[in-house]
Every structure is written in C-alpha cells, then in structure tokens.
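Before any comments, here is the structure.
In our numbering, the protein residues as written are 37 to 381.
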C-alpha cells in the first residue's frame with residue numbers, strides 16, 4: 037500500500053484537510069504547519085496523485101505543444117524548455133509537429149485533441165488570422181513564433197525587425213557593405229522571413245546605404261541544403277557579397293560549408309551571421325555568430341500564460357498579451373575571426 041494523506045496527517049499531527057491544503061499549495065496555511073507537514077511528506081515518501089488532482093478539477097494535467105519541425109534543433113531545444121516549464125506546474129506535455137502545413141496547423145488549432153488536453157501552445161508558420169478568428173471554443177491557446185496575428189490569444193514572440201537590425205548593424209560596424217540576406221520568402225508581410233528582411237533593409241538605410249535587392253535570395257526551405265544552394269548562386273556571380281545574414285543558423289551553416297569548399301575565408305572574405313543560436317553553430321569549424329532568442333524565457337512565459345488561461349476557464353483572452361522576450365547578439369568567429377573575444381549586444 038502506498039502512503040496516503042491520512043498517513044501524512046497522522047505523522048504531522050494535523051487534519052487530512054490541512055495536508056491537502058499544503059499539497060495543493062494553498063497560501064493560508066501557517067508557515068510552521070506547512071513545514072511540519074512537508075517534513076512528514078519527506079519522511080514518509082508521499083507522492084501526490086497528480087492525475088486524480090487534475091481530474092477533480094475537470095482537467096487532465098496535459099498540455100500540447102505543436103511546432104513545425106521537431107528535427108529542427110531550435111524547436112527541439114524549445115520543446116525541452118517547455119517540458120521543463122510545464123513540470124513546474126505539474127503538467128505534462130504532449131508533443132506534435134505540423135510540418136509547417138496550414139491544414140495541419142488549422143486542425144491542431146481547432147482542438148482536435150481537446151478531449152485529452154487542457155491547453156495548447158502552437159508555433160504556426162502558415163496559419164492565418166482568419167483561421168484563428170474562425171476557431172470555435174476549444175482549449176485555451178497560446179501562440180509562439182514570430183508571425184503576427186490580430187486574434188484574441190496571448191502571443192510570445194521575438195521582435196524580428198529589431199533583431200535583424202542588430203545583426204546587420206554588427207556587420208556594418210565591421211566594415212561590411214555588401215551584405216546578402218539568405219532565406220527570403222514571398223509570403224505574408226507578417227512572416228518572420230519578411231520581418232527579418234525588413235530589418236535588413238532598415239539598418240542598411242539607417243547606415244546611409246541603399247539596400248541591394250540583388251543580394252536578397254529566396255530559399256525553398258530553411259535547412260542546410262537551402263543555405264548551400266543560395267550561397268552557391270551568390271558565389272557564381274561576378275560581384276559576390278562580403279557578408280551574409282541568414283534567416284536561421286541552419287541556412288547559415290549550409291552557406292558556410294560552400295564558402296569553405298570554394299576556398300574562401302570566414303570572416304575575412306565573407307562574414308556570416310545566423311539566427312537561433314543552435315548548439316551546432318557553437319561547435320562548427322568556424323563558430324557561428326548568431327542572434328540568440330531566450331528560449332527558456334519564451335517557454336516559461338508561454339506556459340505561465342497558458343496555465344493562467346486554463347485556470348480562468350476561457351478559451352479566448354479578452355485582453356490578449358503580446359510578449360517579446362529578449363534576443364541578443366552572440367558574437368563568434370564567423371564575424372570576428374579567431375583570437376578576439378566575442379561580445380553580446
């Protein structure tokens with residue numbers, strides 16, 4: 037037989053109700069009583085039945101996280117951070133991936149698993165505002181990612197324009213003038229790729245330059261192969277760039293591979309900046325300078341918002357919040373070379 041609330045109550049010399057209040061973190065328990073109960077819990081090895089606790093509240097204790105691609109290191113890191121944050125609220129996380137397909141994002145956002153989850157954290161790519169506005173009921177929803185929406189849901193995002201400007205400013209301060217952008221997509225103006233391209237343009241103009249649109253290369257996707265293909269096209273021209281700002285680290289790493297194969301020096305011939313700060317970039321042959329989103333803060337804020345919405349019982353937010361955690365520049369060898377200390381900005 038396992039240890040029960042009654043066993044803990046007898047050991048601590050309090051009522052079962054008091055033990056329940058301590059286990060459920062009710063604030064009105066006296067500190068000395070809480071300490072006595074906690075000591076009894078530790079001594080007896082009592083473990084609360086979280087499933088029963090959630091079911092008594094009409095909940096499952098499960099939240100879902102849906103991202104475009106779990107094979108992408110950024111989303112894998114983010115999923116780990118969400119799981120850690122959810123555990124602080126005694127929730128477990130059900131993972132799903134949408135492959136960046138609108139129909140899958142719509143299906144997930146409509147709550148097709150609503151019978152087993154209390155809430156959903158969704159990082160969409162192609163979902164439209166109209167899809168969210170058409171959402172009828174369903175579990176509480178918190179949005180992740182850089183795409184912007186006019187919908188009644190909390191949104192944890194990154195200021196893509198400001199982050200891109202920081203990356204480009206770093207290259208300009210290093211004397212780079214022909215800065216290419218790899219990863220443009222001809223889609224919504226609110227897509228992260230477009231917002232980062234906008235930041236590229238704004239910072240070049242702010243420095244007194246004129247954006248050279250011939251240095252903007254679209255890619256089919258955002259993986260290493262896409263960066264390699266784009267970099268190959270750039271180098272086949274007669275007037276290659278002296279720096280590259282890539283949509284993400286994977287695109288940047290693919291570009292760097294081509295630069296190395298062509299015998300070009302990084303950063304002396306062409307400097308490279310990525311975005312996401314994945315671990316692979318830190319340990320590349322030439323470590324990658326990158327924009328580093330605070331993934332731990334993103335996960336914590338998303339889970340905190342979702343738990344708050346779950347407690348309120350409302351599937352939409354009367355006053356939705358848009359929260360922008362920090363995104364800092366991590367300087368490594370791909371822009372300053374070896375032997376010089378990196379700095380954040």
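Glycine residues also receive a C-beta, built at the ideal position from the N, C-alpha and C atoms.
Note that this is a predicted model, so its numbers are computed, not measured.
Query - For residue 81, the three-state DSSP class (helix, strand or coil) - result: coil
Requested in this report: Any chance you could list the alpha helix (DSSP H) runs of at least 4 consecutive residues sitting entirely within the segment 239-317, in chain order?
Outcome: 260-271 and 285-297
Query raised in the report: With distances taken between CB atoms, is the gap from residue 360 to residue 202 smaller than 7 Å?
Result: no
Report task. Pick helix, strand or coil for residue 393, following the three-state DSSP scheme. Result -> The question about residue 393 has no answer, for the chain in this structure spans 37 to 381.
Report task. Could you pull the start and end residues of the alpha helix (DSSP H) that residue 332 belongs to? Result -> 331-348
Query - Backbone secondary structure at residue 42 - three-state DSSP - result: helix
Report task. Give me the Cβ distance between residue 310 and residue 288, rounded to the nearest whole Å; I'm assuming they're in contact under 8 Å. Result -> 3 Å
Query raised in the report: Quick one: what's got a C-beta closer than 7 Å to residue 182's C-beta in the same chain, skipping five residues either side?
Result: 193, 194, 196, 228 and 231
Query - Candidates 124, 120 and 112: closest to residue 132 by CA position - result: 112
Query raised in the report: Going by beta carbon distance, what residues of the same chain come within less than 8 Å of residue 354, once the five residues before and after it are set aside?
Result: 188
Report task. Quick one: using the 10 Å Cβ neighbour count with 16 as the cut-off for buried, is residue 374 buried or exposed? Result -> exposed
Query - Bridge partners - residue 106, DSSP secondary structure assignment - result: Answer by DSSP bridge pairing: none, since residue 106 is not bridged.
Query raised in the report: Thinking just about the alpha-carbon of each residue, which of 273, 352, 362 and 338 is nearest to the one in residue 99?
Result: 338
Query raised in the report: What number of angstroms, rounded off, separates the C-alpha of residue 179 from the C-alpha of residue 356?
Result: 11 Å
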